[in-house]
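Taken in order, these protein sequences are the chains called S and F. Just so you know, the numbering used here puts 236 at position 236 of the first sequence, and the rest follows in order with no gaps. Just remember that the numbering used here sits 1000 ahead of the position in the second sequence, which is counted from 1. The beta carbon of each residue, even a glycine, is placed where N, CA and C say it ideally should be.
Protein chains: 2
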Amino acid sequence: MSDTPKPQKLLARLPRGFADRGPGDVAATERMLAKIRETYELYGFEAVETPFVEFTDALGKFLPDQDRPNEGVFSFQDDDEQWLSLRYDLTAPLARYVAENFDALPKPYRSYRAGWVFRNEKPGPGRFRQFMQFDADTVGAATVAADAEICMMAADTLERVGIKRGDYVIKVNNRKVLDGVLEAIGLGGEENAGRRLTVLRAIDKLDKVGPEGVRDLLGKGRMDPSGDFTKGAELDIAAIDRVLAFTSAKGARAEATLANLAEVVAGSPRGTEGVAELKEIAALVVAGGYDDGRVVIDPAVVRGLEYYTGPVYEAELTFEVTNDEGQIVRFGSVAGGGRYDGLVSRFRGEPVPATGFSIGVSRLLAALKAINSPLVATAGAEAPVVVLVMDRSEIAHYQQLVGQLRAAGIRSELYLGSSGMKAQMKYADRRGSRCVVIQGSDERAKGEVTIKDLVLGAELAGADKNREDYLARQAEAQFAVPEAQTIEAVKKVLARHR
Amino acid sequence: MSDTPKPQKLLARLPRGFADRGPGDVAATERMLAKIRETYELYGFEAVETPFVEFTDALGKFLPDQDRPNEGVFSFQDDDEQWLSLRYDLTAPLARYVAENFDALPKPYRSYRAGWVFRNEKPGPGRFRQFMQFDADTVGAATVAADAEICMMAADTLERVGIKRGDYVIKVNNRKVLDGVLEAIGLGGEENAGRRLTVLRAIDKLDKVGPEGVRDLLGKGRMDPSGDFTKGAELDIAAIDRVLAFTSAKGARAEATLANLAEVVAGSPRGTEGVAELKEIAALVVAGGYDDGRVVIDPAVVRGLEYYTGPVYEAELTFEVTNDEGQIVRFGSVAGGGRYDGLVSRFRGEPVPATGFSIGVSRLLAALKAINSPLVATAGAEAPVVVLVMDRSEIAHYQQLVGQLRAAGIRSELYLGSSGMKAQMKYADRRGSRCVVIQGSDERAKGEVTIKDLVLGAELAGADKNREDYLARQAEAQFAVPEAQTIEAVKKVLARHR
């Protein structure tokens, strides 16, 4: 033994909030993304992708639940001292892209992109610091027909990935209506921007904390079950009632909802404009035939982001699942978006209308798994056939065998470890193989290979050996063929267990 | 006009070395990746993906051309002060992954992944700070059959994406042979690690600077045409000759190369071991039938990374292209890899053999574009049909029209801008549309739509109006049909221009 001190062993681990992805997840995601892409392409959207790193100032400060600069963002300085950041969503980079390539792009400009985004936040269960979004945006269209189109496309997308009609709803609202309500309760003007944001985020928690929770958050504040206190918006009772009248303005049909909203914003020009836009969207939804519960006006939806300026929308899955605490809950939101007319104009000094929509990819994937969607259930490659190495000096020959299998399109592997027969069989089991190919010295002498059907073999291991057909089945589970018939024999075994 | 000062306009631009990707590139890459994936799956490799961010210490310092810690890597501190980095390749994260999940993984463990990596380096033409790699690795196989398999798989992969046999070569060498040479010239031992690395990187520049350039780099140093001076390894003439005898040891056939190498390393146990391994690989290549010039032993290949411990390999495209300076050059390297038996064991304190291979995705894509490979040439969605908006009050009806086209599987768009007929036609041109659908008030009154064939229309614009068939062709380029026949008519026009 040498006296040199051993170098300290490194710990193999990931930073909190980051995760590896195995073959099942990768394949299922790929399949789901392909379906989404198909739908977006059909609507004329085209792919454009931006890099992961942007100038920090170009991204802006638009994260929800974050009031201090750069909180929530991974940032670092370039060698010329300029600050760079990892993108925290796909919308801010798209705004930069459109502004940079404005003249070269067709307008309106429909585009889509899937990509990883990063949040420098405290991770928790199901809350990661790196996650994937799939966005679609229409830039340069002032008409709410663009928002209506994205809502209907969202419905088509959910159905195409396997969510049944009736199991989802696309909810639409309009920030201008909320602005009208806030104006009416005296929260208009630049000086109230902070309080408006507090109100916005209180309403956005409706799903989580219910109307009474929102009432607390609009008033003095709210203590959550863990004892954390969230400061309230300090509105008076009349103002709170008016805000809650807004969030609960949904009627049985769109007409009723719109009438309720018109009442809540009475006297506010901005609010009235918002209701008119919702009315136009509702009419387009009817014309498209999506008024069968697929796309509905719902004033309870506000979205947590500050930059929305008009219609906002959210895709909610309505079927029930059992959550981690064993409670039965609605699956909930998997996507959302809205109109952000101010983002591109930050760069251009002229108004550039835009609206867009973002799918939470792992949320949607979790939903598809929950309903056992065939799209993700059958994703992934077939388990490989394993060619065992019985005699190490013959490895070139075994490699020829596996080469022939691959040439025939059969996913297969040569065992490349250094262990014996038993470990090799265990390896094949671990790979989920249905079949192994064996050639020991006896078989080689006869120019044969042995094919072992691992599925049948496992069944026989627990079978009654006195059964009449036991020997026949055993002969099916393991049999020798001339080497030239290897492919044919392997195909036969694989076909047994499709 | 208000007196409020305008907020300063942001500049829409990307940090140097980062780039956006348009629809053609995204689609072509996607198609190419799918083909690579197919090949790897056939060989039994399975997908696994790691996140973009790792603990800096877990990544280690294995970048080429970088001797100072963390140079070349984007790093930032977590809120608990620990250093995190963006991955600079996919090998170091895989080593961490395997070490972390060692007991749960089948061994040998074949895996693959495509992913973006980041280098905090000075960008240049064709040199980005974010780029994609596609890796395949076999961990837990000490036999060089694993290296041989990856070399043959690399050949299959290149052919499957459209590189013709004869237009590429997979070159194989062995670091142990080079180690033997270095031992023989007195550069063995821990104390010479730095000089060995200098020699390694000098040889790695053979392609770029030629044998005379390498001779300078092994000696006093070399001044490149731009006037930059690279310090040399300060070897004496005899040592330089021996190193160059090694790099030029390639014979007409593998047998000759191996005999030359055996001579160069005579007396060095490690060198002799390396030659024996190359001999084993050569035999497997023959058995697989890849000795027809697809996989060759070539001592000029050493790879620039320090962590390789045995076989190294490189995929080179041999066809010629015209470079940016107008010179005709070989396309060159698109992928490479080798055995890195020390990387996983950094975490485990026990030897874990591993070998792997990385494709430079944008390099390979550029190659496929250079040879006009059908795989990438035909990638991307069909241009959409555009339904014009002639009467804004009828937008719901136009939306129904476009909805019907989409339901029939025809990629189509409703014009969502606010411009008139002329601008809408220009928009359709910009989108590359072959066909637009028009319904003005006249057509609506008659229950008709007008279909305009933009391809034929463009041809006719420059045609001889006195030609006999001019009117007939004009009638084909623009014609009215009952609204109920819109889909049929659009399909007819699209079929003209496949």
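- Secondary structure at F:Leu1090: coil, using DSSP grouped into helix, strand and coil.
- Look at the beta carbons and you see the region 355-375 of chain S not touching the region 389-403 of chain S: under three pairs across the two are nearer than 8 angstroms.
- Under the 8 angstroms criterion on CB atoms, S:Ala366 is classed as non-interfacial with respect to chain F.
- Identification of chain S residues near F:Ser1412 by a Cβ-Cβ cut-off of 7 angstroms yields Gly44, ordered along the chain.
- Scanning chain F for C-beta atoms nearer than 8 angstroms to the C-beta of S:Ala146 yields Leu1416, reported in chain order.
- Closer than 8 angstroms to the CB of S:Asp89 there is not a single CB belonging to chain F.
- Cα atoms of F:Ile1150 and F:Leu1368: separation of roughly 21 angstroms, rounded to the nearest angstrom.
- Look at F:Gly1188: its C-beta is not under 8 angstroms from any C-beta on chain S.
- Excluding residues up to 5 positions away in sequence, Leu365, Val376 and Ala379 lie with their Cβ nearer than 7 angstroms to the Cβ of S:Ala28 in the same chain.
- F:Glu1121 sits in coil when the DSSP states are folded into three classes, being neither helix nor strand.
- DSSP lists no bridge partner for F:Asn1260.
- For F:Asn1173, the number of other beta carbons within 10 angstroms of its own is at least 16, and it is reported as buried.
- Rounded to whole angstroms, the Cβ separation of S:Leu317 and S:Phe331 is 4 angstroms, and the two are in contact under 8 angstroms.
- Annotation: F:Ala1184 to F:Glu1263 spans about 12 angstroms, alpha carbon to alpha carbon.
- The closest CA to that of F:Glu1488, considering only F:Arg1473, F:Val1437 and F:Arg1021, is found on F:Val1437.
- Taking a cut-off of 8 angstroms for Cβ pairs, the region 95-111 of chain S and the region 239-248 of chain S do not touch, as fewer than three such pairs fall below it.
- Sequence-distant partners of S:Leu158 (beyond 5 residues in either direction) whose C-beta falls short of 7 angstroms from its own C-beta, in its chain, are Tyr168 and Ala315.
- The beta strand (DSSP E) runs of length 3 or more contained entirely in the region 315-385 of chain S are, from start to end of the chain, 328-339 and 354-360.
- In the structure shown, F:Gln1077 falls within a strand segment according to DSSP collapsed to helix, strand and coil.
- With contacts defined by Cβ atoms closer than 8 angstroms, S:Asp291 and S:Ala256 do not form a contacting pair.
- Within the region 1100-1134 of chain F, the residues whose Cβ lies closer than 9 angstroms to some Cβ of chain S are Glu1100, Asn1101, Phe1102, Leu1105, Pro1106, Lys1107, Pro1108, Arg1110, Ser1111, Arg1113, Trp1116, Phe1118, Asn1120, Lys1122, Phe1128, Arg1129 and Gln1130, listed in chain order.
- For a Cβ distance threshold of 8 angstroms, residue set Leu1416 of chain F lies close to S:Thr138, ordered along the chain.
- Rounded to the nearest angstrom, the gap between the Cα atoms of S:Asp147 and S:Pro51 is 26 angstroms.
- In this structure, S:Glu41 lies away from S:Arg113, with their beta-carbon atoms at least 8 angstroms apart.
- Annotated three-state conformation of F:Ala1047 is strand, per DSSP.
- Around the beta carbon of S:Gln77, a 10 Å sphere encloses fewer than 16 other beta carbons of the protein chains shown; the residue is thus reported as exposed.
- When secondary structure is reduced to three states using DSSP, S:Asp292 falls in the coil class, being assigned neither helix nor strand.
- Residues of chain F whose Cβ lies closer than 7 angstroms to the Cβ of S:Gln399 are, in chain order, Ala1145, Leu1284, Ala1287 and Gly1288.
- Closer than 8 angstroms to the CB of S:Gly420 there is not a single CB belonging to chain F.
- Within the region 1224-1251 of chain F, the runs of alpha helix (DSSP H) that reach at least 4 residues and sit entirely inside it are, in chain order, 1237-1247.
- DSSP, reduced to helix, strand and coil, places S:Tyr109 within a strand of the structure shown.
- For S:Val436, no Cβ of chain F is located within less than 8 angstroms of the residue's own Cβ.
- When C-alpha distances from S:Leu197 are compared across S:Arg411, S:Pro384, S:Tyr308 and S:Arg160, the shortest belongs to S:Tyr308.
- For F:Val1172, no alpha helix (DSSP H) encloses it; the enclosing beta strand (DSSP E) starts and ends at Tyr1168 to Asn1174.
- By the 16-neighbour rule on beta-carbons within 10 angstroms, S:Ser226 is exposed.
- The residue among S:Ala463, S:Thr450 and S:Asp469 with its C-alpha nearest the C-alpha of S:Ala484 is S:Thr450.
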